Amino acid sequence: MLDCIVWKDDEGPTPYQLEMAETLIREKRLSGRGPHGLGKTSWNAWLILWFSTTRDAAETDWKIPTTAGAWRQLSRFLWPEVKKWAKRLRWDIIGREPFHPIFELQKLALSLKHGEAFAVASDNPELIEGAHADQLLYIFDESKAVPDATFDAAEGAFANTGANSRIEAFAVAMSTPGEPLGRFYDIQSKKPGLEDWAVRHVTFDEVVRAGRATWQWATQRKKLWGEDSALYQNKVLGKFASQDEQGIIPLAWVEAANERWNELKDNGQLLELGKRLDAVGVDVGEMGDETVMALRSGQVIIDIIHNSKQDTMATTGKVFSIISSRKGRAVVDVIGIGAGVVSRLRELTQTQDRYTSYNDEKGMGVVPFHAARASERMDSSGEMGFINLRAEAWWAMRERLDPANHSEVALPQDDKLTGDLVAPRYKVTSSGKYQVEAKADIKKRIGRSTDTGDAVIMAYWQEVTREYGMVSDEIAQELANYDGSGW
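Below is the structure:
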């Protein structure tokens, strides 16, 4: 590996990457976990190039099935990384011509004379099970989300290996850790039956010493997510961690919504979706907090706009510009200075004298969101109510993201948004209603305001409460005079 790639300054394998390569050769199965940025995908790409060229040069029958928790990890990261490093191979040492760009190194495969490497969706274990060769290397990239059945499908290859067999099989399972469950967690925990896997936890300190991350980045993530949060434990410390049991929205649900958004982006669909909006959630900042606008089309957050220390009229102008050009409703946090934004937007959208929040002729409108108002809704089970509109809106988002409901919600991969959505806690009151942690209490606990998450929550709340479009002038006046408490 070291001799066959042209390395630039400070670019070569890290000590832990070299150690893991040696362990894989010796132990045959290796599972590694660690923080974001340790170089998991590039290491997997090097393995693919090393295994394929050495086995093909030896005229040995070989195969490399590659899979990952999400298809995008293969199509946008692993295989582009293989192509990147293939251009840097030292062909004079390898002893062959560079890979042919059409017949050999393809978009998601490498086909040589004696074998091939290829991408397989992790929800299709039959294709993993069907791989047969004298030399096999299984790559499980970002494997915390790879189903157990896919891991099990690879076991057949190891059944015929041993001291007296010509067949040799290797397996690599690499990932940033998530919740303490699933096969990747079981492997890392050396659960019974999985003791034949060598495991490695790369620490953040090792990654920093290797020049792949900085303590400044870790400090900022600590401020953003909180040191005790599952996000910080997973992505910075490389540790398995569960979300707070009283957390409303699980991290895994947000990450699934991120994957859906990334697929839309890769397919070029976001631009078309963004031409017309359904709602713009507006969290109006005060006392140093930023103003955040979340633009939603259908089930997709198209964009999130952040503005620091912007006065209310500037905020009003920005929101009106968006909804007048791309239509839709502005759903505005009316508590505090947001009341002024609502009042002026109602004038601009010509809804101030009507018992509606929407101007059909203009195709736009404004919905005041009053977090402290009482809620008359029930959750999807029909058994639990909500103490106020804040709890209703957050729980509605939870139900939208729930995989059991075949969620189509797509959210941009934004560290601040992710941290905001998984931060709030909830409890059940003695009256049998859900109550969500107050925004001020969250800020005290994690050191910042969840402005981005609140803007997104409001953008989706309008969709599930179309009947709340009836807003009387009396209610509008009540909202305008509200004393500012409630979030």
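All you need for the numbering used here is the position in the sequence shown, starting with 1, plus 109. Note that beta-carbon positions come from the ideal geometry of N, C-alpha and C, so glycine has one too. Given the structure is predicted, the values throughout are model-derived calculations rather than measurements.
Mind checking which residues open and close the alpha helix (DSSP H) that includes residue i?
i, result
"residue 367", "360 to 375"
"residue 531", "524 to 531"
"residue 426", "421 to 435"
"residue 318", "313 to 318"
"residue 191", "188 to 195"
"residue 451", "447 to 457"
"residue 160", "149 to 166"
"residue 265", "264 to 268"
"residue 381", "379 to 382"
"residue 114", "Per DSSP, residue 114 belongs to no alpha helix (DSSP H) and is neither H nor E."
"residue 234", "234 to 238"
"residue 325", "324 to 334"
"residue 554", "548 to 555"
For the beta strand (DSSP E) that contains residue i, what are its first and last residues?
i, result
"residue 139", "138 to 142"
"residue 177", "171 to 177"
"residue 248", "244 to 250"
Please find out if some non-hydrogen atom of the ligand GTP comes closer than 8 Å to the beta-carbon of residue i.
i, result
"residue 215", "As for the ligand GTP, it is missing from this structure, which has no ligand bound."
Expressed to the nearest angstrom, what Euclidean distance is found between the alpha-carbon atoms of residue i and residue j?
i, j, result
"residue 497", "residue 435", "31 Å"
"residue 326", "residue 360", "21 Å"
"residue 535", "residue 172", "50 Å"
"residue 119", "residue 166", "30 Å"
"residue 417", "residue 392", "12 Å"
"residue 129", "residue 523", "31 Å"
"residue 257", "residue 264", "11 Å"
"residue 358", "residue 472", "32 Å"
"residue 125", "residue 321", "12 Å"
"residue 503", "residue 486", "13 Å"
"residue 187", "residue 134", "21 Å"
"residue 240", "residue 490", "45 Å"
"residue 153", "residue 177", "12 Å"
"residue 532", "residue 211", "48 Å"
"residue 411", "residue 334", "23 Å"
"residue 368", "residue 180", "9 Å"
"residue 318", "residue 121", "14 Å"
"residue 205", "residue 164", "13 Å"
"residue 161", "residue 381", "41 Å"
"residue 298", "residue 290", "10 Å"
Assuming residue i contacts residue j (C-beta within less than 8 Å), just tell me the rounded distance between them.
i, j, result
"residue 390", "residue 564", "4 Å"
"residue 405", "residue 569", "7 Å"
"residue 439", "residue 475", "5 Å"
"residue 262", "residue 234", "4 Å"
"residue 424", "residue 451", "With 8 Å as the limit, residue 424 and residue 451 do not qualify as a contact, their Cβ atoms being about 11 Å apart."
"residue 443", "residue 478", "6 Å"
"residue 414", "residue 422", "Incorrect: roughly 17 Å between the Cβ atoms, too far for contact."
"residue 276", "residue 259", "In fact, because the Cβ distance is near 21 Å, the residues do not count as touching under 8 Å."
Identify the residues that DSSP records as bridge partners of residue i: which are they?
i, result
"residue 404", "389, 412"
"residue 494", "487, 542"
"residue 310", "142"
"residue 442", "478"
"residue 356", "534"
"residue 227", "174, 218"
"residue 284", "142"
"residue 130", "Partner(s): none; residue 130 has no beta bridge."
"residue 349", "Looking at the DSSP assignment, residue 349 forms no beta bridge with any residue, so it has no partner."
Would you verify that the beta carbon of residue i is, or is not, closer than 9 Å to some beta carbon of chain B?
i, result
"residue 150", "Among the protein chains of the structure shown there is no chain B, as only one such chain exists."
Original post:
Can we say the stretch 309 to 328 touches the stretch 370 to 379, given the rule of at least three CB pairs closer than 8 Å?
Top reply: no
Original post:
Does the count of Cβ pairs from the stretch 244 to 256 and the stretch 214 to 221 closer than 8 Å reach three?
Top reply: no
**OP:** Examine the Cβ distances between the stretch 140 to 147 and the stretch 274 to 289 and report whether three or more of them are shorter than 8 Å.
**Re:** yes
Original post:
Are at least three pairs of beta-carbons, each pair with one atom in the stretch 511 to 528 and one in the stretch 324 to 338, less than 8 Å apart?
Top reply: yes
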